[in-house]
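Going down the list, the protein sequences come from chains X and B. The first sequence: position 26 = 26 (our numbering), numbered continuously. If you want our numbering, it's the position in the second sequence, counting the first as 1, plus 1000. Every residue gets a Cβ at the ideal spot worked out from N, C-alpha and C, and that includes glycine. These figures come from a predicted structure and were not determined experimentally.
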Amino acid sequence: MKFFTLGPIGLLALLASSFNAAAHADQLAEIKTRGTLVCGVLSTLDPFGYMDPESREVVGYDVDFCKGVAKQLGVKPELRQLSLDARIPELSQGRVDVLAAVLGYTPARATQIAFSDAYFLSLQKLAVQQDSGLNTLADLNDKRISSIKGSSTQNFVRATIPGAKIVSYDDAPSAFMALTQRKVDGFGLTEAMLRRFIIKLGPEATLKVIDAPLGQEQWGLGIKKDEPQLLAAVNTALNKMEESGEAQAIFDKWLGKDSVYHMERTFKVEPIKP
Amino acid sequence: MPDFLKSVLSLFNAPYGEILLQGCLLTTWLTVFSFVLAVMLGTCLAMLRVSGNSFCERVVAAYVSYQQNVPMLVHILLWYFGVSNVLPIFMQDTLNYFGSEFIYPAIAIGLCMAAYYSEDIRSGLRAIPHGQHEASRSLGLSYLKSMRYVVIPQALRMCAPPFINHTVLLFKNTSLAMAVGAAEMTYAVRDIENQTFLTFQAYSIATLFYLVVSLALMALGSYVAHRTRIPTR
C-alpha cells in the first residue's frame, strides 16, 4: 500500500533531481560551444523590453544590455520572451542562460538565483488620480494599490504602506488600466515605466506621480546559481561596457535627455549591495 | 520525502496560511455566486428555448452559441475592463468599492455557465414525452403550472449527470478570475510561490484543493441524483 502511494512521488522527485544533475556542466563553456547566449527578456514593459511595432522585434534597455554582454562573450544573443512572474522559474530550470528582465535584487530572490553587478538603479513610485486627494504615501494607508504579480513592488508596498490592499494583475498594462478605470487608488511601478504609461495616455491623462519613492532597488542580470564562471564573465562584460561608455550610451538612448523620460544617470555598473 | 511534506506544511503557517484561507474563501464565494446566477438564468433560458415562440428560441440559441464559443477568459476580461467602463460612474464606484475583481468575473462566469446549464436542462426537457405536457394541460393546469409541477421536476432529474459535470467545470473555471486580480485559490498559491519559491509544494496544495473539492462536488451531485431519482419498476 505504502509503496503504491509513495512510489510515484518518489520517482518524480528522483527524476527532478537527475535533471538538476544533468544541467550541472559548466554553462559558460556550453554557451561558447553553442555560440548563442539565450536571454530571457520581457516584451510588455516599455522601455526596458517591449515589442517595437515597426520592426516586430523585442527592443529596450534590458535587451541592449543582453546584446552587449553577448557581444563581449563573443556569441550571438538569442532573445526569449518571458512573463514577469515565470521568469525566475524559467531561469532556474535552465530554459534561459541569463535574465535581463527588470530583475530587482531582493534577498529572497538571491537565495534562488545569482545576480550580476547592478546595471540599473530603480526608484519605485506610486501613481494616483489627480482629483483623488491623495498626496503622500501615508494617504494610501487603507486604499487599494495595483501591482504586477510577482514584482518586487508588492514587497515595497507591504513595507511602506502596511494598511494598503494589494491587487495584482498579470502584466503592467492591466495593472495600469485598473488605475485609469479607478478600480484601484494607486499603481506602483518603476518610475520610468510609470511615466511612460502616463505619457502614452496623452494630454487627457488625469494621473500624477507621488514624489516620495516606495523604495529603490538595484537591478542585476539573473544567472543560475552555482555557475561562477558564467557570473564572472557576465560581470567582466558589464564592467567593460561601463568603461567603453556603452552602458552610458544605452541609458541615454532609452532614458536620457533626448528620450521622453529626461532622466539623469546617477549610478554606475557596480556590485550589488545587499 | 519528509522534507517535502515539511515544506508543504510550512506553507500553512503564518503568513501563508492566511493567504490560502482567503483564497479558499474567495473561490468558494465565486463558485456560489456564479452558480446561483447560472442556474437561475439557465433555467429561464431553457424554458424560453422550448416555449414554442420562434423569436425567443432564436435569441436563446444565439446567446448560447455566443457564450459557448468565446473563451471564458475573454468573457472575464471583457466584463472587467470593457463592460465596466460603459456603466454610469456612480455604479462603477459602488462596484469598485465592493470589489470589482470579484463581481465582474462572477457575472462573466455565471452568464457563460448559464448557457451550458440551459442546454443541459433543455436536453432534460426534451427527454420528457410531450404527452406528459398535454396530459397536465388537459387536467386543467396552466402552462407554467404544468411546467412547474410536472415537466421540470422530471427534466431536472434527467439532466443531473451533465449538470454535475458543468458544476465542476464552473468551480474550476473560477481560477481564471486571477487574471483580473481576484485573490482566489490559484492567485493565492501563485503569490505564495512567488514569495517562497516553493513551486512544487505550492502547486501541490492547489492541485489537492481542486481535486478534493471537484470530487466532493461530483459525489454530492450523484448522491442527490440518487436520492431524488424516480423509482422505476
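- Residues are counted here when their Cβ sits less than 9 Å from a Cβ of chain X; for the stretch 1005-1023 of chain B the count is zero.
- In this structure, MET1113 (chain B) lies away from HIS1075 (chain B), with their beta-carbon atoms at least 8 Å apart.
- ARG56 (chain X) is positioned such that its CB atom lies no closer than 8 Å to that of ILE88 (chain X).
- The beta carbon of LEU1125 (chain B) sits closer than 7 Å to those of ALA1046, VAL1050, VAL1151 and ALA1155, all from its chain and outside the five residues before and after it, given in chain order.
- Annotation: the stretch 133-221 of chain X contains the following complete segments of the alpha helix (DSSP H) (minimum length 4 residues), in chain order: 153-160, 172-180 and 191-201.
- Contact annotation: in the stretch 1192-1207 of chain B, residues whose CB is within less than 9 Å of a CB in chain X are GLU1193, ASN1194, GLN1195, THR1196, PHE1197, THR1199 and PHE1200.
- At a cut-off of 8 Å between beta-carbon atoms, ASP85 (chain X) makes contact with chain B.
- In the displayed model, MET263 (chain X) falls within coil according to three-state DSSP, outside both helix and strand.
- Pairing PHE267 (chain X) with LEU121 (chain X) gives a Cβ-Cβ distance under 8 Å.
- Residue-level contact by beta carbon fails for PRO274 (chain X) and chain B, as no gap is shorter than 8 Å.
- A distance below 6 Å between beta-carbons, with the five flanking residues on each side excluded, links LEU230 (chain X) to the following residues of its chain, in chain order: GLN27, LEU28 and ILE223.
- In the structure shown, GLN1022 (chain B) falls within a helical segment according to DSSP collapsed to helix, strand and coil.
- Linking GLN129 (chain X) to ILE210 (chain X) through their CA atoms gives a straight-line distance of about 10 Å.
- Sixteen is the threshold: since fewer than 16 other Cβ atoms of the shown chains lie within 10 Å of the Cβ of GLY245 (chain X), the residue is exposed.
- With respect to CYS1159 (chain B), SER1100 (chain B) sits apart: the two C-beta atoms are not nearer than 8 Å.
- Annotation: Cβ neighbours of VAL167 (chain X) in chain B (cutoff 7 Å, chain order): GLU1101 and GLY1181.
- A straight line joining the alpha-carbon of LYS76 (chain X) with that of GLY68 (chain X) spans about 10 Å.
- In summary, the residues of the stretch 94-125 of chain X whose CB is separated from some CB of chain B by less than 9 Å are ALA108, ARG109, THR111 and GLN112, in the order they occur in the chain.
- If one requires a minimum length of 4 residues, the alpha helix (DSSP H) runs lying completely within the stretch 1074-1101 of chain B are 1089-1098, in chain order.
- Taken in chain order, the members of the stretch 1085-1101 of chain B whose beta-carbon sits within less than 8 Å of a beta-carbon on chain X are ASN1085, GLN1092, ASP1093, ASN1096, SER1100 and GLU1101.
- Between the beta-carbon of VAL58 (chain X) and that of TYR50 (chain X) there is about 7 Å, and that keeps the pair under the 8 Å contact cut.
- Interface residue (Cβ-Cβ distance to chain B less than 8 Å): GLY186 (chain X) is not classified as such.
- With 16 or more other CB atoms across the displayed protein chains lying within 10 angstroms of its CB, GLN154 (chain X) is buried.
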